[in-house]
Amino acid sequence: MPVQPSRSSQPPHQPTPPFNFPAARRLREALGMAHGHVAYGMRAGYGLTYITADTIAAWERGLSSPSSAELSALAATLWCSPGELMGAARTLREHRVARGLAPEDVARESGVEVQAYLRMEETDTWRGNERQSEALARVLQLSVPDFVTVTGRSEQLAELLRSAVTTRWQGYVRPVSKLLPVEKRHVEDVLRQMHDDYQARMARTLSWGGGAGSDASGEAGRDFLERILEHFWTLVRGGAGRGRA
């Protein structure tokens, strides 16, 4: 059963969500619908009187993209979820749209005021506490990397991880745990392994005593720090850190 599009008011001038136009065409054709049938369904069912067959055709050709409200109505007309018509969600708002949820729904489930939530969407900055953050991850079904990205914590996490691998990792378990919906003992496992990996690279640098191998290993150490989030998520996904959400 399709997710009903939200009829709640939205802040003006929002960017359009990422639109997977080949998926829209594929889903329409699978239902045996013409462009005009889809347009009629959106006009009759959701009050979008300006939608025409040409509108649908332009979307499917990638010449334009539907707004959040139009995407929700299109998904309902095609009997699919909004997420099936979207590319990879990148922001808090896009993840909400992909789940077919109104701002009021997410705000209520997360335990924040709706106006405060809308400001967070507009600024791409999540300001909820730990309990609210866990609720947000749950209601939007966010993976841990997606949670960190949409709450604007990626760079803060990267800086903590760089410090953890280059100094004493034990001192960074608590601050890293506060950023993520991941159990503390699993953060410990990941930080310990990352610290060991990095220190092993640097130990090889010293053992080569400044020769050509030293330069190569030093470069490997710098690359490790530059790609610190990638290493972290690889270990998390591999089971060294299991999410709470």
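Each residue of the sequence shown is one higher than the one before, starting from 17 at the first, in this note's numbering.
Where a beta carbon is used, it is the ideal one built from N, C-alpha and C, also for glycine.
Would residue i and residue j be called neighbours here (beta carbons separated by less than 9 Å)?
i: residue 173; j: residue 207; result: no
i: residue 41; j: residue 86; result: no
i: residue 39; j: residue 58; result: no
i: residue 212; j: residue 251; result: no
i: residue 165; j: residue 152; result: no
i: residue 55; j: residue 68; result: yes
i: residue 214; j: residue 187; result: no
Where do the N-terminal and C-terminal ends of the alpha helix (DSSP H) with residue i fall, by residue?
i: residue 182; result: 170-182
i: residue 163; result: 160-166
i: residue 93; result: 84-93
i: residue 72; result: 69-76
i: residue 48; result: Segment: none, residue 48 is in no alpha helix (DSSP H) and carries neither H nor E.
i: residue 136; result: 130-139
i: residue 250; result: 244-251
i: residue 151; result: 146-155
i: residue 191; result: 189-195
i: residue 122; result: 119-126
i: residue 113; result: 108-114
Can you have a look at residue i and say buried or exposed, based on whether 16 or more other CB atoms are within 10 angstroms of its CB?
i: residue 80; result: exposed
i: residue 47; result: exposed
i: residue 112; result: buried
i: residue 128; result: buried
i: residue 95; result: exposed
i: residue 66; result: exposed
i: residue 254; result: exposed
i: residue 114; result: buried
i: residue 78; result: exposed
i: residue 93; result: buried
i: residue 24; result: For residue 24, the pLDDT reaches just 37, beneath the cut-off of 50, and the residue's location in the model is therefore unreliable, although a value from the coordinates is still provided. Result: exposed.
i: residue 190; result: exposed
i: residue 201; result: exposed
Could you compute how far the alpha carbon of residue i sits from the alpha carbon of residue j?
i: residue 248; j: residue 52; result: 48 Å
i: residue 136; j: residue 35; result: 23 Å
i: residue 170; j: residue 103; result: 21 Å
i: residue 133; j: residue 101; result: 24 Å
i: residue 235; j: residue 148; result: 41 Å
i: residue 83; j: residue 156; result: 20 Å
i: residue 119; j: residue 98; result: 15 Å
i: residue 185; j: residue 138; result: 35 Å
i: residue 192; j: residue 216; result: 22 Å
i: residue 45; j: residue 91; result: 14 Å
i: residue 182; j: residue 220; result: 15 Å
i: residue 43; j: residue 154; result: 28 Å
Q) For the stretch 237-247 against the stretch 178-191, are there 3 or more C-beta pairs whose distance is under 8 Å? A) yes
**Q.** At least three beta-carbon pairs within less than 8 Å, the stretch 119-130 to the stretch 62-76
**A.** no
Q: Determine, using beta-carbon pairs with one atom in the stretch 100-115 and one in the stretch 137-147, whether at least three such pairs fall under 8 Å.
A: yes
Q | Segment contact, 8 Å Cβ cut-off, at least three pairs: the stretch 29-39 with the stretch 56-63 | A | no
Q: Say whether the stretch 156-164 touches the stretch 187-205, bearing in mind that this needs 3 or more beta-carbon pairs closer than 8 Å, one atom from each stretch.
A: yes
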